[in-house]
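S.K.:
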Amino acid sequence: MENVYLPNLAEIVEIKQETLDVKTFTLKFCDEAARQSFDYKPGQFVEFSVFGEGEAPFCISNSPTRKPNIECSVKRTGKVTEALHELDIGDTVGIRGPYGNGFPLEDLKNKNLLFVAGGIGLAPLRALINYCLDKRDDFKAITIVNGARTSKDLVYKAEYEVWKGAKNTQLHLTVDCNEENWTCMVGVVPKILEQIRPTCQDSVAIVCGPPVMIKYTMPVLLKLGFCEPSIITTLEMKMKCGLGKCGRCNIGPLYICKDGPVFNYAQVKNFIHQ
Amino acid sequence: MTEELRNKAKELLKNKQVELIIGYQRSPDGICAKPCFIDKETDTDLLIWDTYCVYNLSNYLKEYAGRKVGVIAKACDSKSIVVLLQENQLKRQDLFIIGVECRGVVDEKGAGFAQKCKSCLSSNIPIYDYLIKEREQTRKPLEDDDEYEPIRKIEAKVLLERFKFWQQEFKSCIRCYACRQICPLCYCPKCVADQTQPSWFSKAANLTGNFSWNVTRAMHLAGRCIDCGECERACPAGIPLREINKKIEKDIKELFKYQAGANQEQKPFFACFEKSDPEDWIK
Amino acid sequence: MREKDSWEPKITAFLCNWCSYAGADLAGQSRLEYPPNVRIIRVPCSGRVNPLFVIKSLMQGADGVLISGCHTGDCHYSEGNFYARRRFTILKKLLEYLGIDPRRFQMSWVSASEGEKWARVVKELTEEIKQAGPSRLGDNDRIAGEKK
Amino acid sequence: MTQKIIAKEELYKQLNSLAKDFEIIGPKDLFNKGFFYERLDSAQELYLGEGFTTEPVKKFFLSPSEWLFNCQYNNGKNSLEELSLPDKKRIIIGVRPCEARGLILLDQVFGSQGYKDEFYLNNRRRTIIIGLACAKPDAACFCTSLAGSPVESRGMDVIIFAKGDEEFILEIVTDKGKEIFGALGQVLNETEKESHALEKEKNKELVIPKIKVPESLCSIFEDAYWQEVSRACLDCGICTFLCPTCHCFDLVDEQRKKLRCYDGCAFADFTVEASGVNPRPTKKERYRQRVFHKFEYFKKNFGENLCVGCGRCIRHCPVKIDIREVVTNIPVTENK
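Residue numbers (numbering that gives the first Met the number 0), protein chains in the order written: chain A, 0 to 273; chain B, 0 to 282; chain C, 0 to 147; chain D, 0 to 335.
In structure tokens form, the structure reads like this:
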């Protein structure tokens, strides 16, 4: 009986404490067949089920080029994430997916890429960044702007050096307000974008972060000359089934979990009229 | 009475005493009434008053907290306003209560007067700012049913029979929560039924989930429910919810001499106690 | 279903920390024998027990629930047990009305020095629940999985 | 479409004989509670009169609450255990034409575009549907305004028409129906055929309220109309749970068992996110979502309105909100 809601069992092989309330879990599928057949694009998500607690959607934050394990970064906010943070190495969880449409890789080929991330928003972008670094020649210049409330909220600190060292790649870190022994930039992400003024010629912006950051980043990007279809973002909504059936993430005729979560700004704009 | 009601509403809106009046208007099918919200003077002639005005409009007051609102209230509706005031959910000065003397309302499901009206002891209104009297002094048409008669019938059953009776009733509960949404005294921002940390009982519409929901709902209304009968009227599965509420009401009246919605100053039932409360069942 | 004779009832007990829990402690210290069917949950006061605890225990398979607190008058928080008494009198009568065997939900006052009374209460309670039989309401698969 | 006359006794006898290997389900009159579909021990308990059941037949296909799988946890290891699907064959009799059309819409939701919901489809495969044409539509019915009719047999295996109190006219629609009812009753002669066809036409006119569903609602998405219309709404689940086409559900994990149960966009916290943000915070957005999903969004995905005009949400709404009123009074704004 093909039960679409039956998850694959996966074992937690590594847990990295990124910040006070964010952990990155590395998962290995228990059975061999699932490990091979699980193929995904950066930007897709999985339904994570902690048995006895519930299920929640998390984006896969490592690049598909670095298979077979998958990594998910989880911020402690609700019932499932609370229980997830209690688990430790060796525990098994349920993984269902991959769901969602993922980033449009063809449109990004040989373009300049501007990654704009806020707080935990770096998780889906990290999958795309590492994917682009592994296939570096398909893309032109890469600029990464990663902001957080405080330096303690910055995730994936270990990777910053690698990103800085990569070919033709710039990394701009920023925190909302100044702290002692903080060397990089200070200020909210939209302000930083106005300072570094990335070129909009032949380039695509990928924005991911809390709604308030997206709201204030969009006009700045438009002012910098980015056209609407070339601004890509991921939408956040409550999701339960991940298959476009349970009705929660329904906006207009689209279901964010099935037709999204990645949309370009032109699509998002006409959501408001539906 | 309808004329008097409309004039009063017009007057209130004209001199800005209230921003909005919650009342009844004819529903499109031409017979039943339905709730309406009047904020313009010209619409006041939509207002009606007759035996089809069964809704307890005080349920909507919680959505307009902090704004000056006029509400039309029968005797049972105004008792629920008393309980809401007693629990500091509403500010008396924000409310303009138009009391309407009622001779019993019709529950459109069955013919004839609603069950609650048959045993309604008095139609005088405990709290109002303006009273619309019943012009024709018709005799109170309501036979004085013994209000606890259906409860005594169930209490007389043997334990196993009662269990089967209620399991049969709760089996058809579809957990639509209409009983909670229509009750003026159910105003929790996040109901225990919706909480997930911990989840108190199963969300499934099976026997254990339905049993827990109905017991919890009744317990949370203990000493508060004023028997406006809306929960039973709204329930699509036809579960006799009033027979649960009134069982608790009967126990409270007999054992503790406490009457819900009697006056605004008394403490809520579970928030006070008497040293002489009965404890014979406690070992 | 479990057969009757070898079946051991599962009873949840909410004990108030200052009196009944100490009483149960005393019963243990003085090596009093009483059936092990009671799972004790310590609460600051009998007034802390929420009717939802009782309903959730009964629904998840407990065959009986006991709430035990200080005698009225010597509650550490001075009025906790008064509220509890009023609250659970109503709950008990409601559960009985809805068809739950009254023996399944009981309350007792056990003070810190009444170790012996605690043992007696638990013995009587276990005996009564054995007569009442396994709970029909619990979340055993027969009811939970039943198709409507 | 062979048409036959069959006596009521004969029909009941046939149903009782089938009760050995079929589960018989049909509407039953629960005295002051209304009519409900129940599992019947004998056909005599059946109620085949004019009254409409409160709950639609949907509850036998998309179950109000069902377990999807179990998870066993022993010595530190989780293991998943699938539950076997019920395979007992069933006959559901007394299904109204609007409910049968509701099932056709749900078939598209649960069995098309690459999504196969085995729980729903298994229920569909193991069930034979015997429809009952509506002799007396009531004031809430408006199926004719949504390409439906009180006498059509789409989505049914057999349809029966009440003829007086003691007889039914039976039309076999599919070969599944032929299997069980093929041998019964006498074929209609010519005159009876005409009178039956005439009767059918007459019944179609009985559905009085005609509403016009606007082509597109997008232009009035931001209109204050929705605030006005949804003021009396209580956010309860009656209209969504009793609707034969509403299919939103909730997935919950309870004691390591995955439960699927009904859910509705009317509930306040249907779309509340973990951060507490709610994209549909007030009744206005939620009620507008219900109307738009039925008459706009579903049409864009599946080409048909997600409403069959059965009138249940009108009959059972505790505050008398009438979706026909809402849809017909939509302000048509040309400029937007």
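From the three backbone atoms N, C-alpha and C, an ideal C-beta is built for every residue, glycine too.
Quantities reported herein were computed from a predicted structural model and do not represent experimental measurements.
Write down every uninterrupted run of the alpha helix (DSSP H) in the region 149-204 of chain B whose length is 4 residues or greater and which is fully enclosed by it, in chain order.
M.R.: If we require 4 residues or more, the alpha helix (DSSP H) runs fully inside the region 149-204 of chain B come out as 158-170, 177-180.
S.K.: In chain order, what residues of the same chain lie with their CB nearer than 7 Å to the CB of Gly241(A), ignoring the 5 residues before and after it?
M.R.: Glu46, Pro56, Arg95, Gly96, Tyr98, Cys256.
S.K.: At which residue ranges does the region 57-101 of chain B contain complete alpha helix (DSSP H) runs of 4 or more residues, listed in the order of the chain?
M.R.: Here the runs fully enclosed are 74-85.
S.K.: Taking 9 Å as the CB-CB cut-off, is Lys78(A) touching chain G?
M.R.: Chain labels in this structure do not include chain G; the protein chains are A, B, C and D.
S.K.: At what residues does the beta strand (DSSP E) containing Gly114(C) begin and finish?
M.R.: Segment 114-131 is the alpha helix (DSSP H) holding Gly114(C); no beta strand (DSSP E) there.
S.K.: What whole-angstrom Cβ distance do Cys75(B) and Cys227(B) have, given they're in contact under 8 Å?
M.R.: That pair is a contact at about 4 Å.
S.K.: Per DSSP, what are the beta-bridge partners of Ala6(D) in this structure?
M.R.: Beta-bridge pairing links Ala6(D) to Glu166(D).
S.K.: Please classify Trp48(B) as buried or exposed, where buried requires at least 16 other C-beta atoms within 10 Å of its C-beta.
M.R.: It counts as buried.
S.K.: What do you reckon, are the CB atoms on Gly117(A) and Ile213(A) nearer than 9 Å?
M.R.: Cβ atoms of Gly117(A) and Ile213(A): closer than 9 Å.
S.K.: Using a Cβ cut-off of 8 Å, pull out every chain A residue sitting near Arg255(D), in sequence order please.
M.R.: Phe50, Gly51, listed in chain order.
S.K.: Quick check on DSSP: helix, strand or coil for Glu105(A)?
M.R.: Looking at Glu105(A) - three-state DSSP - the assignment turns out to be helix.
S.K.: Where does Ser194(D) sit, in a helix, a strand or coil, going by DSSP?
M.R.: Ser194(D): helix per DSSP, three-state reduction.
S.K.: Skipping 5 residues on each side, what residues in its chain have a beta carbon closer than 8 Å to that of Leu187(D)?
M.R.: Contacts found: Gln2, Lys3, Ile4, Ile168, His195.
S.K.: Counting along the chain, where does the alpha helix (DSSP H) carrying Trp225(D) start and finish?
M.R.: 224-228 is the extent of the alpha helix (DSSP H) around Trp225(D).
S.K.: Can you pull the chain A neighbours of Leu241(D), defined as C-beta to C-beta under 8 Å?
M.R.: Per Cβ cutoff of 8 Å: no residues; Leu241(D) is ~16 Å from chain A at best.
S.K.: Quick one: does Gly75(D) have its CB under 9 Å from some CB of chain A?
M.R.: By this cut-off, Gly75(D) is an interface position.
S.K.: Quick check on the burial criterion: 16 or more other C-beta atoms within 10 angstroms. Buried or exposed for Leu220(A)?
M.R.: Its Cβ being crowded by 16 or more others within 10 Å, Leu220(A) is buried.
S.K.: In three-state terms, what does DSSP make of Ser45(C)?
M.R.: Reduced to three states, the DSSP call for Ser45(C) is helix.
S.K.: Which of helix, strand or coil does DSSP assign to Met238(A)?
M.R.: Three-state result, Met238(A): coil.
S.K.: If the criterion is Cβ atoms closer than 9 Å, does the pair Trp6(C) and Pro101(C) meet it?
M.R.: Not in contact: Trp6(C) and Pro101(C) (Cβ atoms no closer than 9 Å).
S.K.: Asn334(D): buried (16+ other C-beta within 10 angstroms of its C-beta) or exposed?
M.R.: Note that Asn334(D) has pLDDT 47, beneath the 50 cutoff, so the model's placement of it is unreliable and the number below is only indicative. Exposed, because fewer than 16 other Cβ atoms sit within 10 Å of the Cβ of Asn334(D).
S.K.: Here's a check: name, in chain order, each residue in its chain whose Cβ is nearer than 8 Å to the Cβ of Asp338(D), leaving out the five neighbours to either side.
M.R.: Since the first and last residues shown for chain D are 0 and 335, residue 338(D) lies out of range.
S.K.: Along the chain, which unbroken stretches of the alpha helix (DSSP H) at least 4 residues long are found entirely within the region 171-225 of chain A?
M.R.: Taking only runs of at least 4 residues, the alpha helix (DSSP H) segments lying wholly in the region 171-225 of chain A are 188-195, 210-222.
S.K.: Answer yes or no: does any C-beta atom of chain A fall closer than 9 Å to that of Val271(D)?
M.R.: True, the Cβ-Cβ gap to chain A drops below 9 Å.
S.K.: Contact between the region 310-324 of chain D and the region 229-238 of chain B: three or more CB pairs below 8 Å?
M.R.: Judged by Cβ distances under 8 Å, the region 310-324 of chain D makes contact with the region 229-238 of chain B, as three or more pairs qualify.
S.K.: Can you tell me whether Val12(A) is buried or exposed? The criterion is at least 16 other CB atoms within 10 Å of its CB, across all chains shown.
M.R.: Per the 10 Å Cβ criterion, exposed.
S.K.: Excluding the 5 residues preceding and the 5 following Phe102(A) in the sequence, name in chain order all residues of the same chain whose CB lies nearer than 6 Å to its CB.
M.R.: The answer, listed in chain order, is Pro41, Gly42, Leu127, Val261.
S.K.: Between the Cα of Thr190(D) and the Cα atoms of Ile24(D), Pro330(D), Glu198(D), which residue gives the shortest distance?
M.R.: The shortest C-alpha separation from Thr190(D) is found at Glu198(D).
S.K.: How many angstroms separate the CA atom of Gly110(D) from the CA atom of Ala231(D)?
M.R.: Looking at the two C-alpha atoms, the distance is approximately 36 Å.
S.K.: Reducing DSSP to helix, strand and coil, say where Glu158(A) ends up.
M.R.: Helix.
S.K.: Would you call the CB atoms of Lys156(A) and Glu17(A) closer than 9 Å?
M.R.: Result yes, Cβ atoms of Lys156(A) and Glu17(A) sit closer than 9 Å.
S.K.: Using a Cβ-Cβ cutoff of 9 Å, what residues of the region 210-232 of chain B are near chain C? List them in chain order.
M.R.: Per Cβ criterion, the list reads Phe210, Ser211, Asn213, Val214, Thr215, Ala217, Met218, His219, Ala221, Gly222.
S.K.: Output yes if chain D places a C-beta closer than 9 Å to the C-beta of Met0(A); else output no.
M.R.: For Met0(A), the answer is yes, since a Cβ of chain D falls inside 9 Å of its Cβ.
S.K.: Between Phe270(A) and the rest of its own chain, which residues show a CB-CB distance below 7 Å, the 5 nearest in sequence each way excluded?
M.R.: Result list for Phe270(A): Ile250, Gly251, in chain order.
S.K.: With DSSP run on the structure shown, which of helix, strand or coil describes Asp250(B)?
M.R.: Correct three-state label for Asp250(B): helix.
S.K.: On the premise that Ala26(C) lies in contact with Gly114(C), defined as a C-beta separation below 8 Å, what is that separation, rounded to the nearest angstrom?
M.R.: Confirmed, about 4 Å.
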